[in-house]
Amino acid sequence: MKKTKNGKVNICIVGAGYVGLVSGACLAEVGHRVVCVDSDPAKIKMLGKGIMPIFEDDLERVVKKNVKAGRLHFANSIKDGMHHGGHRAEAVFIAVGTPPRDDGSADLSAIEKVSEQVALNMTDYTVIVEKSTVPVSTCHWIEKTVKRNNKHHIPFDVASNPEFLREGTAVWDFLEPDRVVVGVASKQAEELMRRIYKPIKGPLVITSVKSAELIKHASNSFLSTKISFINAVANICEKTGANVEDVARGMGLDKRIGPAFLKAGIGFGGFCFPKDLEAFYWLSSQVGYDFELLKTVKDINEGQKMWLLKKIEEELWNLEGKTVALLGLAFKPETDDMRFAPSIDIVRELLKRGAKVRGYDPVSQENAKKCLKDIYFAKDAYDCAKGADCVCVVTEWKEFAKLDQKKLLAVVKHQIMVDGRNLYDPAKMRDMGWAYKSVGRP
Ligand SMILES: NC(=O)c1ccc[n+]([C@@H]2O[C@H](COP(=O)([O-])OP(=O)(O)OC[C@H]3O[C@@H](n4cnc5c(N)ncnc54)[C@H](O)[C@@H]3O)[C@@H](O)[C@H]2O)c1
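Residue numbers for the sequence shown follow numbering that gives the first Met the number 0, beginning at 0 and rising by one.
The structure is reproduced here in structure tokens:
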């Protein structure tokens with residue numbers, strides 16, 4: 000078996016999605032030898048041809064550079080991934096999806112399947128690193144599963160290493176993290192994890208496995224709480240005539256509060272916050288604690304998504320037969336991810352009320368076509384606004400900030416704009432002729 004030199008580690012990453020592919024490319028970028036495995040053959044085929052299966056800034060450059068340098072490889076099976084080119088993986092990262100079930104709990108069946116396969120293919124001491132977002136005690140279940148399938152009694156450890164990258168800035172976040180959290184149960188596992196993360200800047204927080212698992216759910220739930228808090232404040236601002244941006248600035252300068260995640264809007268979406276909040280609430284109730292605060296955070300977020308509908312109706316009265324143009328469909332800018340995007344609920348409600356919906360997203364359009372039916376997909380923002388009774392900002396893409404408003408005003412039927420992301424200056428928009436509404440701002 001070939002060995003790596005100079006502290007470099009042979010790594011296999013299972014799941015080549017937003018987290019797995021970015022982690023794999025970045026770990027190769029800092030010198031490790033990485034094989035990314037995915038059960039979707041189309042994804043591996045695309046990667047083999049140098050085509051990125053997801054849109055993520057700088058990812059293509061990092062992937063291509065490391066493939067060329069012979070540090071990054073792709074494989075269809077865990078067996079191949081763990082023994083690729085005669086190199087045995089010392090660490091196997093699990094980065095598969097953990098989607099929500101109907102009751103709010105996380106579906107961990109992919110993690111179980113991967114754990115079985117890893118157990119069957121270990122030939123020497125291996126650290127199995129749980130990177131997907133999972134409820135506390137998942138590593139305990141991985142350990143049990145591996146033990147059950149570990150016929151040759153190969154020594155192993157299970158470590159928890161939750162990921163905090165944000166889609167849109169994922170490569171940067173991985174290479175320049177605020178912190179790296181690692182939960183371990185042995186010195187041997189700790190030593191390997193320290194070697195893996197040594198070239199990455201940012202403090203390494205070593206904890207028990209359970210604490211590391213909990214850090215991820217607690218962090219995402221806290222951030223969701225901050226967003227729902229400022230959205231609730233925005234509602235009070237609207238009722239009192241205060242300006243939520245001034246309130247947020249005044250709050251955020253307090254170091255104990257901080258300015259991040261104090262931007263009012265139509266609520267959070269995406270593959271992480273909604274499902275992690277649900278899963279943490281579910282887990283809390285399972286262990287006998289009613290974490291009511293999280294339920295309220297979720298309720299505020301659901302209400303906030305409907306803010307847009309309420310504002311449109313305030314302007315247009317009946318929606319039957321009216322045309323609504325949605326600028327942006329992705330759950331946030333700089334990503335093509337449509338999972339749990341607020342636009343999905345908004346479109347459903349608009350159609351239910353009889354409106355005709357036109358939509359445009361600079362990047363997620365193709366993904367949007369898979370989950371949004373009965374809407375017209377426009378070729379650009381101006382085409383989207385054509386003949387609209389109301390134009391709505393749903394995702395704050397940079398290109399929307401630079402739109403030629405005169406051109407936009409010229410193509411709409413009625414000059415009404417509902418800005419769900421506070422992208423524009425209210426005074427300037429009104430001067431230009433828009434009847435303009437935004438979140439929590441007079
Ligand atoms: N997307 C984010 O911003 C983000 C950030 C931090 C943490 N997370 C967490 O990381 C995990 C992965 O999220 P993601 O966004 O990368 O998901 P994803 O859907 O983009 O990627 C998961 C990949 O795993 C593959 N897969 C599923 N089962 C497999 C199996 N048995 N063997 C091999 N491959 C398999 C899928 O084909 C897919 O390519 C989730 O738990 C998520 O909550 C996501």
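For every residue, glycine included, the Cβ atom is placed at its ideal position computed from N, Cα and C.
Because the structure is a prediction, the values reported are computed rather than measured.
Original post:
Between I141 and F92, is the Cβ-Cβ spacing less than 8 angstroms?
Top reply: The criterion of a C-beta distance shorter than 8 angstroms is not satisfied by I141 and F92.
Original post:
Of all the options N300, E175, A109, which has the alpha carbon lying nearest to the alpha carbon of G269?
Top reply: A check of alpha carbon separations from G269 across N300, E175, A109 identifies N300 as the nearest.
**OP:** Examine ligand 1 and report whether any of its heavy atoms sits within less than 7 angstroms of the Cβ of G320.
**Re:** Checking every heavy atom of ligand 1 against the Cβ of G320, none is found closer than 7 angstroms.
Original post:
Do you know how far the Cα of H86 is from the Cα of N120?
Top reply: Each residue's alpha carbon lies about 13 angstroms from the other.
Original post:
Which of helix, strand or coil does DSSP assign to L402?
Top reply: When DSSP states are grouped into helix, strand and coil, L402 belongs to the coil group.
Subject >> Of the residues R420, P161, T239, the one placed nearest V204, counting alpha carbons only >> reply: When C-alpha distances from V204 are compared across R420, P161, T239, the shortest belongs to P161.
Original post:
Can the beta-carbon of E212 be found closer than 8 angstroms to that of V117?
Top reply: Taking 8 angstroms as the Cβ cut-off, E212 and V117 do not qualify as a contacting pair.
**OP:** Quick one: grab the DSSP three-state call for L203.
**Re:** L203 falls in the strand class under three-state DSSP.
**OP:** State yes or no: is the C-beta of L164 nearer than 7 angstroms to some heavy atom of ligand 1?
**Re:** Yes; taking the cut-off as 7 angstroms, the Cβ of L164 has a heavy atom of ligand 1 nearer than that.
**OP:** Tell me whether H151 is buried or exposed, calling it buried when 16 or more other Cβ atoms sit within 10 Å of its Cβ.
**Re:** With fewer than 16 other beta carbons inside 10 angstroms of its own, H151 counts as exposed.
**OP:** Below 8 angstroms on the Cβ atoms is my guess for A88 versus V128; work out the distance and round it to an integer in Å.
**Re:** About 10 angstroms separates the two Cβ atoms, so there is no contact after all.
Original post:
Would you call the CB atoms of V393 and L349 closer than 8 angstroms?
Top reply: With contacts defined as CB atoms closer than 8 angstroms, V393 and L349 fail to qualify as a contacting pair.
Subject >> Contacts around M250, its chain only, beta-carbon distance under 7 angstroms, and the 5 residues preceding and following it disregarded >> reply: Only I256, L261 meet the Cβ criterion.
Original post:
Is the beta carbon of D298 within less than 7 angstroms of some heavy atom of ligand 1?
Top reply: Every heavy atom of ligand 1 is 7 angstroms or more from the Cβ of D298, so no.
Subject >> Contact set for F54: own chain, Cβ-Cβ below 7 angstroms, skip 5 residues either direction >> reply: Excluding five sequence positions before and after F54, the CB atoms of its chain that fall closer than 7 angstroms to its own CB belong to T334, D335, V362, given in chain order.
Original post:
DSSP puts V390 in a beta bridge; with which residues?
Top reply: According to DSSP, V390 bridges with A324, M416.
**OP:** Taking only heavy atoms of ligand 1 into account, decide whether any of them is closer than 7 angstroms to the Cβ of K331.
**Re:** For ligand 1, not one heavy atom lies less than 7 angstroms from the Cβ of K331.
Original post:
Is any heavy atom of ligand 1 found at a distance shorter than 7 angstroms from the C-beta of C138?
Top reply: Flag unset: Cβ of C138 not near ligand 1.
Original post:
For the alpha helix (DSSP H) that A41 lies in, which residues bound it at each end?
Top reply: Per DSSP, the continuous alpha helix (DSSP H) segment holding A41 begins and ends at 40-47.
Original post:
Which same chain residues, not among the five before or five after P258, have their C-beta less than 6 angstroms away from its C-beta?
Top reply: For P258, the CB contacts under 6 angstroms within the same chain, skipping 5 residues up- and downstream, are G251 in chain order.
Original post:
How close, in whole Å, do the beta carbons of W281 and G103 come, if the pair is a contact with beta carbons under 8 angstroms?
Top reply: Contact between W281 and G103 holds, with the beta-carbon distance rounding to 4 angstroms and staying under 8 angstroms.
**OP:** Can you give me the start and stop residues for the beta strand (DSSP E) that R357 sits inside?
**Re:** Residues 355-359.
Original post:
Comparing the CB of V13 with every heavy atom of ligand 1, is any distance shorter than 7 angstroms?
Top reply: Yes, the beta carbon of V13 sits closer than 7 angstroms to at least one heavy atom of ligand 1.
Original post:
Given that a residue counts as buried once 16 or more other Cβ atoms are within 10 Å of its Cβ, and exposed if not, what is Q285?
Top reply: By the neighbour-count rule (16 or more Cβ atoms within 10 Å), Q285 is not buried but exposed.
Original post:
For V232, which of L222, D245, S220 has the nearest alpha-carbon?
Top reply: Of the candidates L222, D245, S220, the one whose C-alpha sits nearest the C-alpha of V232 is D245.
Subject >> D177 to L164 span [Cα, whole Å] >> reply: Going by C-alpha positions, D177 is about 10 angstroms away from L164.
Original post:
Does the beta carbon of K112 fall short of 7 angstroms from some heavy atom of ligand 1?
Top reply: Taking non-hydrogen atoms of ligand 1 into account, the C-beta of K112 is found less than 7 angstroms away from one of them.
Original post:
K197 by DSSP, collapsed to three states: which one?
Top reply: In this structure, DSSP gives K197 a state outside helix and strand, which the three-state scheme calls coil.
Subject >> the segment 405-421 / the segment 314-328 touching (three or more Cβ pairs under 8 angstroms) >> reply: Contact holds: three or more Cβ-Cβ distances are below 8 angstroms.
Subject >> For C35, the residue or residues it bridges with in DSSP >> reply: For C35, which the question treats as bridged, DSSP gives the partners I12, F73.
Original post:
Under 8 angstroms between the Cβ atoms of V61 and V170?
Top reply: Yes. Within cutoff.
**OP:** Assuming V438 and G327 form a contact by the criterion Cβ under 8 angstroms, report the distance between their Cβ atoms to the nearest whole angstrom.
**Re:** The C-beta distance from V438 to G327 rounds to 14 angstroms, too long to meet the 8 angstroms contact threshold.
Original post:
Going straight from the alpha carbon of T224 to that of C370, what length do you get?
Top reply: About 27 angstroms.
**OP:** Evaluate K427 with the Cβ neighbour count: other Cβ atoms within 10 Å of its Cβ, from every protein chain shown; 16 or more gives buried, anything less gives exposed.
**Re:** Counting Cβ neighbours within 10 Å, K427 comes out exposed, since fewer than 16 surround it.
Original post:
Among residues of its own chain, excluding the 5 on either side of N148, which ones have a beta-carbon nearer than 7 angstroms to its beta-carbon?
Top reply: Annotation for N148: E115, A118, L119 place their beta carbon closer than 7 angstroms to its own, counting only its chain and skipping 5 residues before and after.
**OP:** Using the Cα positions of K48 and A340, report the straight-line distance between them to the nearest angstrom.
**Re:** About 30 angstroms.
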